[in-house]
Amino acid sequence: NPAEKKGYSGVAVYARKKPVSVNTKLGIKRFDKEGRFLELKYPSFTLLNFYLPHGGRQKENLNYKLEVYREVLKRVEKLKNKNAILIGDFNIAHNEVDLARPRQNRNNIMFTPEERKQIDLLLQLGFIDSFRHFNNEPGYYTWWPYAFNARERNLGWRIDYGFVSKAISKTLRKANIYSDIFCSDHCPIGLNLG
Numbered sequence: 001n002p003a004e005k006k007g008y009s010g011v012a013v014y015a016r017k018k019p020v021s022v023n024t025k026l027g028i029k030r031f032d033k034e035g036r037f038l039e040l041k042y043p044s045f046t047l048l049n050f051y052l053p054h055g056g057r058q059k060e061n062l063n064y065k066l067e068v069y070r071e072v073l074k075r076v077e078k079l080k081n082k083n084a085i086l087i088g089d090f091n092i093a094h095n096e097v098d099l100a101r102p103r104q105n106r107n108n109i110m111f112t113p114e115e116r117k118q119i120d121l122l123l124q125l126g127f128i129d130s131f132r133h134f135n136n137e138p139g140y141y142t143w144w145p146y147a148f149n150a151r152e153r154n155l156g157w158r159i160d161y162g163f164v165s166k167a168i169s170k171t172l173r174k175a176n177i178y179s180d181i182f183c184s185d186h187c188p189i190g191l192n193l194g
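Following UniProt numbering, the numbering of the sequence shown begins with 1 at its first residue and continues without gaps.
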């Protein structure tokens, strides 16, 4: 799902089997133009792929991010009792264990109380953070700023997630962060279900 603005954003899913249906619209015009959402329905599960907004440094951008999260939560609430997988860049470090320097970033975008509450609400719907289901240790991150040799020093943030609904969680076998793969300022994550 490419953005209208070339090279700006977008999400993709590579799958062996063709989905029954594909939806690229969340229902927020600006968000939908940025190509940040894919919903793929298969006979036995639904996959939602996100690239949620960063939030920027200005208050109106944080408000936009929170508006998007409200729509996301409405959408996923309809899936809470079904086999659903949510994956992508959520642009929020949920807990202190999810970033290298929580005290210094307490009021910074991606770690504000308002943003962290969005992940709380997602978990309250019954979705499970697949990585934390297996590993509660600090030091596992999915994004590192390009500045200050952050990646080499592991001064990162875990902002990319795979959430699964309770209904499909019994099939969750493994969740990984592939921090040894260098393809951008993010690294890939993976879920094994079966």
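Just so you know, even glycine gets a beta-carbon here, dropped at the ideal spot from N, CA and C.
Taking C-beta atoms under 8 Å as the contact rule, Gly55 and Ala3 fail to qualify, at a distance of about 17 Å. Counting C-beta atoms within 10 angstroms of its own C-beta, Ala12 has fewer than 16 neighbours from the protein chains shown and is therefore classed as exposed.
Counting every other CB atom within 10 Å of its CB across the protein chains shown gives Ile177 a total of 16 or more, marking it as buried. Beta bridge pairing from DSSP links His186 with Trp143. Distances from the CA of Trp143 to each of Asp160, Lys82 and Pro19 were compared; the closest alpha carbon is that of Asp160.
Every beta strand (DSSP E) of 3 residues or more that sits fully in the stretch 53-111 is shown, in chain order, as 84-89. With contacts defined by Cβ atoms closer than 8 Å, Tyr51 and Pro19 do not form a contacting pair. Each of Tyr146, Phe127, Asn1 and Gln124 was checked against the Cα of Asn49, and the nearest Cα belongs to Asn1. Assignment of Pro2 by DSSP, reduced to helix, strand and coil, places it in the strand class.
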